Structure formats: structure tokens, C-alpha cells
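Trainee: Next up is a structure, given as C-alpha cells.
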Amino acid sequence: MGTSVAFRVAPGVRVVPQITGPRSPFGPLLAVRGGDGPDADRADVERWRTLAGGGRVRGDEVPPSAWTGERAQLERLLNTHTARVERARRPVLAEPIPVRTHEVRTDLRKRYLEGIPSWNLRARLAARGDADRAVDDEVALRTAARATEHAATQDAADRWWRQLGNAEPRASRDQITAGLRRDELPAAATAVEAGTAFLVAVIDTPETLIGRREPSAGNSPTFPIALISDRRRNRYYLEAISSLLLTIAANTFALVAGVAQANIAVIGLHHAPQPCVLTMVELPRDSVLPDDADTPVVGNLFTIAGRTRIRLAADVDDETVAITPLPVWDTGVATALNVLERA
Numbered sequence: 314m315g316t317s318v319a320f321r322v323a324p325g326v327r328v329v330p331q332i333t334g335p336r337s338p339f340g341p342l343l344a345v346r347g348g349d350g351p352d353a354d355r356a357d358v359e360r361w362r363t364l365a366g367g368g369r370v371r372g373d374e375v376p377p378s379a380w381t382g383e384r385a386q387l388e389r390l391l392n393t394h395t396a397r398v399e400r401a402r403r404p405v406l407a408e409p410i411p412v413r414t415h416e417v418r419t420d421l422r423k424r425y426l427e428g429i430p431s432w433n434l435r436a437r438l439a440a441r442g443d444a445d446r447a448v449d450d451e452v453a454l455r456t457a458a459r460a461t462e463h464a465a466t467q468d469a470a471d472r473w474w475r476q477l478g479n480a481e482p483r484a485s486r487d488q489i490t491a492g493l494r495r496d497e498l499p500a501a502a503t504a505v506e507a508g509t510a511f512l513v514a515v516i517d518t519p520e521t522l523i524g525r526r527e528p529s530a531g532n533s534p535t536f537p538i539a540l541i542s543d544r545r546r547n548r549y550y551l552e553a554i555s556s557l558l559l560t561i562a563a564n565t566f567a568l569v570a571g572v573a574q575a576n577i578a579v580i581g582l583h584h585a586p587q588p589c590v591l592t593m594v595e596l597p598r599d600s601v602l603p604d605d606a607d608t609p610v611v612g613n614l615f616t617i618a619g620r621t622r623i624r625l626a627a628d629v630d631d632e633t634v635a636i637t638p639l640p641v642w643d644t645g646v647a648t649a650l651n652v653l654e655r656a
């Protein structure tokens with residue numbers, strides 16, 4: 314396995330697992346604290362992000378009520394990466410609402426009549442006439458103002474879109490993290506640098522994720538009798554990690570066109586007395602989500618990772634029986650762990 318995987322963290326960024334509230338099937342969702350926020354107003358960015366889209370296609374998802382039984386839940390974990398993704402597109406604002414003449418006339422009459430006594434009918438009649446003659450000019454002024462505001466907002470949205478195309482660090486990191494959280498994936502971006510997105514993901518233990526008993530054959534919530542073997546559970550667990558990483562990478566590439574590679578560190582929160590790094594992978598865009606694909610082109614990260622640092626123990630038949638955390642003294646591992654904010 315590779316001896317080092319570079320990992321970056323933007324200054325001041327901290328990643329916080331959300332212990333309460335919504336969570337993903339794999340583990341708690343993550344929130345990001347600190348770091349520089351986007352240049353534009355956050356409300357505008359949310360509006361542009363909604364228009365741009367990107368990430369998993371929500372219509373493909375199976376309702377949670379359908380995932381009954383151990384087998385169905387396991388299939389969900391192992392096949393998360395098969396959900397289609399859509400690529401973010403340039404946000405195009407709707408044309409401004411036309412100025413309504415009758416509303417302008419009402420506003421002008423109210424303004425012109427202000428301060429004129431109700432008994433002074435001659436003055437009020439003259440004021441109404443002045444207001445009506447000013448309607449066309451006022452409509453033109455308001456139309457021009459709306460067009461100017463629309464053009465300025467569209468220009469700002471285009472600048473934000475170009476930032477994503479160029480993988481600008483702040484805008485790209487914010488876009489990736491927001492998209493992953495919206496799609497309920499337990500991951501967040503810590504930095505974007507030179508076309509590479511650096512992310513951390515968290516995952517529950519094998520016993521929590523896979524369970525201690527053999528999954529039932531059907532989707533009904535039956536009670537399986539046989540205890541699952543460590544070897545079999547860990548094989549399922551590695552496949553679940555693989556599916557999660559491919560999903561995170563595919564969403565990252567769909568959300569930010571300028572990102573060419575995703576470096577992901579997977580952190581286990583409860584695998585040891587302290588949080589530990591289970592694996593670090595480097596996934597290039599072309600190997601996960603080429604330009605003509607709407608799902609990851611392969612289902613197993615081990616076949617495409619440029620370098621992977623999964624540490625496994627093996628029995629005499631070279632079958633996986635355990636997952637060993639990466640050494641904490643490694644620079645990349647230490648960096649990934651230091652970004653995690655302890656409760």
C-alpha cells in the first residue's frame with residue numbers, strides 16, 4: 314500500500330459530527346466550523362446553489378419505510394453508489410417580474426395625494442392628473458431598475474459559477490460540503506487546492522453498521538438465527554466503505570466541475586478509545602465519474618484508487634478478518650484527525 318497520502322485542511326476549519334438530529338445510514342452527518350466563508354451573501358449563494366443543482370438525484374431514492382429487514386438495509390449500504398447523480402449547471406435567474414402599471418398608478422396617486430385635505434377636491438383632482446401623467450415614466454424607471462438588479466445578480470452568480478469551474482477554494486469547499494449534507498452523506502470538505510478536494514468522512518463500527526447476525530434472505534423483518542462471522546462481516550463492511558467513498562467522490566465531482574481528484578480520509582469515531590483513521594484514498598475524476606457517466610463507472614474503489622492505505626489483517630487463507638487503524642504518527646493521519654472537533 315502507499316506510504317503517504319497528502320491531506321490538506323484550510324486554516325481554521327473544524328469538522329463536527331452531529332451526534333443528535335438527522336444522520337446517514339453510515340454514520341452521523343458533519344458540520345463545518347471556521348474557515349473563510351463565501352465572498353457573496355449566503356442567501357444569494359443558497360439561491361444559486363438551488364438553481365445549479367448537482368449531486369444525487371433525489372427521485373431515485375427508496376423511502377426509508379421500504380428498508381425493512383437486515384438484508385434490505387445491507388443492500389442499501391452496499392449499493393449507495395448506484396444512485397444517479399446530476400452535474401451542477403450554470404445558475405440562470407428567472408427574468409424579473411414585469412412592472413404592473415396599475416400598481417405604479419396606485420402608488421403614485423397615494424404619493425401625490427399625501428398631505429392634500431380631503432375637502433380640497435380641486436387640488437386632489439389636479440394631483441391625480443399629475444400622478445397619472447407620471448405613470449409611464451415611473452414604469453420605465455422601475456423596469457430599468459429591475460433589469461439592472463437582475464443583471465448584477467446574474468453577473469454575481471456567473472462569477473460564483475466560474476469559481477466552481479476553476480475550483481476556487483472557498484466557494485468549492487462550501488459547495489461540496491453543502492451538497493454532501495443535503496444528500497445526507499457523512500462527509501465534509503476540509504480544503505480544495507489545485508483541483509483536488511480534501512474530504513473527511515465518518516463511519517460507524519462494523520457491529521453497528523452490519524450487525525452481529527447473518528442478514529435475513531428476504532426484506533421482511535425476520536430474526537436470523539446464525540451469528541455472522543467476523544470475516545463475512547468485515548467483507549460486507551469493506552464493501553460498504555467502498556460504496557460510501559465512491560458516492561462521496563461522485564457527488565464531489567458532480568457538484569464542482571473544476572475538481573479533478575478527491576482525497577478522502579475515513580474516520581472511525583468508536584473503533585478505538587480515540588477516533589482513528591481507517592483509510593485514506595485518492596480518487597481521480599476520470600476513474601469515478603467520466604464526463605458521460607451519471608453513476609460511478611465501477612463499484613469497487615480498490616480497482617481504481619491511485620493509492621490506498623487500507624490496513625487489513627489477514628488469516629491463513631488471506632481472507633480479511635480485521636481492519637487496523639492507520640498509525641497516528643503519520644502526518645496525513647494526524648492532519649485528518651486534528652480537523653475533527655472533539656465533543
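Numbered continuously in our numbering, the sequence shown closes out at residue 656.
Just so it is clear, CB atoms sit at the ideal spot from N, CA and C, and this is done for glycine as well.
Bear in mind the structure is a predicted one, so any value in this text is a computation, not a measurement.
Indicate the three-state DSSP secondary structure (helix, strand or coil) for glycine 508 in the structure shown.
Mentor: The count along the sequence shown starts at 1 and reaches residue 508 at position 195. Three-state result, glycine 508: coil.
Trainee: Rounded to whole angstroms, how far is the Cβ of tryptophan 571 from the Cβ of serine 485, which I believe are closer than 8 Å?
Mentor: As a position in the sequence shown, residue 571 is number 258, starting the count at 1. As a position in the sequence shown, residue 485 is number 172, starting the count at 1. Here the sequence assigns glycine to residue 571, which means tryptophan is not the residue at that position. That pair is a contact at about 7 Å.
Trainee: Taking Cβ to Cβ, would you say valine 398 is nearer than 8 Å to arginine 422?
Mentor: Residue 398 sits at position 85 when you count from the first residue of the sequence shown. Residue 422 sits at position 109 when you count from the first residue of the sequence shown. No, Cβ-Cβ distance for valine 398 and arginine 422 is not below 8 Å.
Trainee: Alanine 575: which of Ala480, Trp474 and Ala510 sits nearest, CA to CA?
Mentor: By 1-based counting over the sequence shown, the position of residue 575 is 262. The candidate whose alpha carbon is nearest that of alanine 575 is Ala510.
Trainee: Quick one: any contact between the region 581–588 and the region 506–523, if contact means 3 or more CB pairs under 8 Å?
Mentor: Using a C-beta cut-off of 8 Å, the region 581–588 makes contact with the region 506–523, since at least three inter-stretch Cβ pairs fall below that distance.
Trainee: For glycine 428, name the three-state secondary structure that DSSP assigns.
Mentor: The residue you call residue 428 lines up with position 115 of the sequence shown. Note: glycine 428 maps to coil in three-state DSSP.
Trainee: If the criterion is Cβ atoms closer than 8 Å, does the pair proline 519 and arginine 545 meet it?
Mentor: Start at 1 with the first residue of the sequence shown, and residue 519 comes out as number 206. Start at 1 with the first residue of the sequence shown, and residue 545 comes out as number 232. The Cβ-Cβ distance between proline 519 and arginine 545 does not fall below 8 Å.
Trainee: Quick check on threonine 637: buried or exposed, where buried means 16 or more other Cβ atoms within 10 Å of its Cβ?
Mentor: Position 324 of the sequence shown, counted from the first residue, corresponds to residue 637. With fewer than 16 Cβ atoms within 10 Å of its Cβ, threonine 637 is classed as exposed.
Trainee: Count the other C-beta atoms from every protein chain shown that fall within 10 angstroms of the C-beta of glutamine 587, then say buried if there are 16 or more, exposed otherwise.
Mentor: Sequence index remark: in the sequence shown, residue 587 carries index 274 (1-based). Exposed, since its Cβ has fewer than 16 Cβ neighbours within 10 Å.
Trainee: Does valine 652 come within less than 8 Å of chain B when only Cβ atoms are used?
Mentor: No chain B is part of this structure, which consists of one protein chain only.
Trainee: Buried or exposed, going by whether 16 or more other CB atoms sit within 10 Å of the CB of glycine 325?
Mentor: Position 12 of the sequence shown, counted from the start, is the residue given in the question as residue 325. When all chains shown are included, glycine 325 counts as exposed.
Trainee: The beta strand (DSSP E) that contains proline 411, what's its start and end?
Mentor: As a working note, residue 411 is residue 98 in the sequence shown. Unbroken run through proline 411: none, as it is neither H nor E.
Trainee: So, with DSSP's three-state summary, where would you put glutamate 399?
Mentor: In the sequence shown, the residue the question calls residue 399 occupies position 86. Glutamate 399 falls in the strand class under three-state DSSP.
Trainee: Could you check whether the Cβ of aspartate 471 sits closer than 7 Å to any heavy atom belonging to the ligand ATP?
Mentor: Questions concerning the ligand ATP fall outside what the structure shown contains, since it holds no ligand whatsoever.
Trainee: Whose C-alpha, out of Arg413, Asp543, Val601 and Met593, is nearest the C-alpha of alanine 562?
Mentor: One-based indexing of the sequence shown puts residue 562 at position 249. Cα-wise, what sits closest to alanine 562 is Val601.
Trainee: Can you find the residues in the same chain that come closer than 7 Å, C-beta to C-beta, to asparagine 564, ignoring five residues on each side of it along the sequence?
Mentor: The count along the sequence shown starts at 1 and reaches residue 564 at position 251. Hits under 7 Å: Gly368, Arg369, Val398, Gly492, Leu493, Asp496 and Leu498.
Trainee: For glutamate 481, does the count of other Cβ atoms within 10 angstroms reach 16, so buried, or fall short, so exposed?
Mentor: Taking the first residue of the sequence shown as 1, we reach residue 481 at position 168. Buried, since its Cβ has 16 or more Cβ neighbours within 10 Å.
Trainee: Let's see if you can read the secondary structure: which residues bound the beta strand (DSSP E) around valine 590?
Mentor: One-based indexing of the sequence shown puts residue 590 at position 277. Going by DSSP, valine 590 is part of the beta strand (DSSP E) stretching over 589–597.
Trainee: Out of Val641, Val590 and Phe566, point me to the one whose CA is closest to threonine 608's CA.
Mentor: Position 295 of the sequence shown, counting from 1, holds the residue named residue 608. Nearest neighbour of threonine 608 by Cα position, chosen from Val641, Val590 and Phe566, turns out to be Phe566.
Trainee: Using a Cβ-Cβ cut-off of 6 Å (strictly less than) and excluding sequence neighbours within five positions of glutamate 654, which residues of its own chain qualify?
Mentor: Translated into the one-based positions of the sequence shown, residue 654 becomes position 341. Around glutamate 654: Arg327 and Val329.
Trainee: Quick one: what's glutamine 574 bridged to in DSSP?
Mentor: The residue given as residue 574 occupies position 261 in the sequence shown. Glutamine 574 pairs with Thr509 and Pro597.
Trainee: How close, in whole Å, do the beta carbons of aspartate 357 and alanine 469 come, if the pair is a contact with beta carbons under 8 Å?
Mentor: Start at 1 with the first residue of the sequence shown, and residue 357 comes out as number 44. Start at 1 with the first residue of the sequence shown, and residue 469 comes out as number 156. So it is a contact: roughly 7 Å between Cβ atoms.
Trainee: DSSP state of threonine 333, grouped into three classes?
Mentor: Taking the first residue of the sequence shown as position 1, residue 333 is located at position 20. If DSSP states are grouped into helix, strand and coil, threonine 333 belongs with coil.
Trainee: Rounded to a whole number of angstroms, what is the C-alpha to C-alpha distance between alanine 504 and arginine 321?
Mentor: Walking along the sequence shown from the start, residue 504 turns up at place 191. Walking along the sequence shown from the start, residue 321 turns up at place 8. If you take the alpha carbons of alanine 504 and arginine 321, they lie about 6 Å apart.
Trainee: Could you please give the first and the last residue of the uninterrupted alpha helix (DSSP H) stretch that includes leucine 477?
Mentor: If you number the sequence shown from 1, residue 477 lands on position 164. Per DSSP, the unbroken alpha helix (DSSP H) holding leucine 477 starts and ends at 448–478.
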